[in-house]
Amino acid sequence: MDLTHRDPVLDSELTVVSDREIQGFRRSKVMETAAQLTDVYGPRLTASPQYKKAADWARQQLETWGLANAHLESWPFGRGWSFERCSAHVVSPMSFPLVALPKAWTAGTNGPVRGKVLRVKAESEADVEALKGKVAGMVLWVGQPRELKGPEDGGVFKRYTEKQLDEIEQYQIPGARGGRGPMGPVDREAFIRRRRVQQALDKLYAAEAPLAVVEPSERDANVLRLGGARSYKKGDAQPVTQLVVSASQWNRVARLLDRKMDVEVELDVKAAFHEDDTNGYNVVAELPGSDKAKGEMVMLGAHLDSVIDGPGINDDGSGVAALLEIARALGGTHPQATVRMAFWSGEELGLHGSFRYAAALSAEQARAILVYANVDMIASPNGFAGVYDEPGAPAGSCRRSPSSSSATPSSPSSRRGPAATWCRTCRPRSTARRSPTSPSCPSRTPGSPAR
Ligand SMILES: [Zn+2]
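Heads up, the sequence shown is in the working numbering, so the first residue is 48 and it goes up one at a time.
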């Protein structure tokens with residue numbers, strides 16, 4: 048910027064930015080916002096009562112901070128789920144409490160129940176076939192024992208040094224050699240195999256009604272990774288009670304069973320399916336732009352829903368709190384282009400909320416969105432800066448001319464001009480493995496789980 052030629056309009060805008068920066072950095076409320084989301088509401092499973100409370104609160108805050116048209120937008124989802132208590136104990140041949148929690152969208156026990164534990168190997172569809180006729184009324188101990196790592200081996204937590212944090216912050220140029228991808232290569236065949244086995248198990252559970260299914264956590268050191276069943280449809284049968292237990296305790300019970308000892312457990316899980324309101328809700332609000340922008344819009348988004356495993360601090364409480372802080376700092380201002388903020392639901396189940404939003408846009412409304420920035424897990428080393436690269440998605444710069452590439456001609460991005468299109472040939476591999484939520488990509492099909 049040439050500061051020798053002062054522009055009075057620019058000066059006044061810089062003053063606003065400066066004031067807002069002071070507001071943001073010196074009087075930040077971001078930690079208060081994060082605490083409200085995570086301590087007060089906790090896990091914000093799509094369509095759960097906690098999610099709805101968090102969405103209502105966010106809407107109210109956006110309105111209070113001076114954003115216009117703060118509202119909830121519904122989309123058809125299915126039934127919600129929540130649980131109030133989970134108590135699990137081994138009661139024979141000795142007594143000890145289990146560190147256990149239920150998987151989402153599975154049934155409670157309707158009071159305390161006791162059952163004998165059956166060790167179950169379910170690595171293949173043939174394994175599941177061999178279980179037929181044996182599981183009714185049993186507590187199934189499903190999985191394989193594994194070696195556990197101590198904290199010193201980086202088993203669960205890792206504290207990054209300042210230098211490592213600096214390196215994480217470096218933006219990797221898409222396509223550059225050695226670019227850091229967020230996830231390793233996916234073994235598709237193994238994924239499909241596991242899915243088939245799970246489908247066979249689900250059928251067996253539904254047919255023979257075991258008392259409960261207990262699996263070891265994928266995480267060590269008593270950290271539970273839960274996941275959930277996908278029984279969202281109103282009126283569907285409720286899947287059998289399914290718990291995830293601390294891996295070390297799962298191993299212990301498996302060793303007792305290997306010694307031919309009878310093991311009995313007592314379970315008391317209070318869980319509920321919510322079928323009175325089957326909508327998902329996105330929260331949307333905006334800073335209206337001036338007339339100069341001719342209806343153009345910049346969109347910012349983050350997903351307000353979280354998994355059930357924890358209070359959704361990092362994924363994506365961090366992104367939501369950051370956007371709400373921006374809203375608080377900028378509320379009441381009038382940018383040139385409208386700034387619309389969206390807080391999605393259904394993201395953890397497959398980008399459903401943002402997909403529904405995008406699908407409902409007219410071509411004209413989609414064209415008006417100059418850029419969409421999605422903010423997810425900014426407090427995580429798993430985060431990365433990327434450009435959505437599926438056909439039809441808006442994007443950054445591409446070195447290849449769209450006219451000589453496979454760029455989608457009808458995509459909103461290509462209509463905006465050659466500089467705004469990735470072609471599939473030179474798409475960046477580092478961003479291809481995982482893409483952020485894109486409300487502007489009609490080609491994205493919901494259904495794949497995102498974490
Ligand atoms: Zn996320």
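Yeah, the Cβ is synthetic: ideal placement off N, Cα and C, and Gly gets one too.
Ranking Val330, Asp338, Leu371 and Thr380 by CA distance to the CA of glutamate 120 puts Val330 first.
Between the alpha carbons of glutamine 217 and valine 367 lies a distance of about 22 Å. Secondary-structure assignment with DSSP links valine 261 through a beta bridge to Trp188 and Leu290. In the same chain as alanine 105, and ignoring 5 residues on each side of it, the C-beta atoms closer than 7 Å to its own belong to Val330, Leu351, Leu371 and Phe390, in chain order. Here asparagine 116 has Ala332 and Glu333 as same chain residues with Cβ atoms under 7 Å from its own Cβ, once five neighbours each way along the sequence are excluded.
In terms of Cβ geometry, lysine 163 and valine 310 form a close pair [threshold 9 Å]. For methionine 78, there is no enclosing beta strand (DSSP E); the enclosing alpha helix (DSSP H) covers residues 77-82.
DSSP lists Val386 as the beta-bridge partner residues of leucine 334.
Residue side-chain check: histidine 350 places its Cβ nearer than 8 Å to a non-hydrogen atom of ligand 1.
A buried status is given to glutamine 97, since no fewer than 16 other beta-carbon atoms sit within 10 Å of its beta-carbon. The nearest non-hydrogen atom of ligand 1 is less than 8 Å from the C-beta of glycine 366. Counting only the Cα atoms, glutamate 262 lies some 14 Å from methionine 185. The criterion of a C-beta distance shorter than 9 Å is satisfied by alanine 247 and glutamate 176. Going by DSSP, leucine 351 is part of no alpha helix (DSSP H) at all; its letter is neither H nor E. Chain order is used for the residues whose beta-carbon lies nearer than 5 Å to a heavy atom of ligand 1, namely Asp362, Asp363 and Asp423. The alpha carbon of proline 140 has as its nearest neighbour, out of Met308, Ser401, Ser295 and Val292, the alpha carbon of Met308. If you draw a 10 Å sphere on the C-beta of valine 87, you find fewer than 16 other C-beta atoms in it, and that means exposed.
Judged by their CB atoms, threonine 385 and glycine 125 are not nearer to each other than the 9 Å cut-off.
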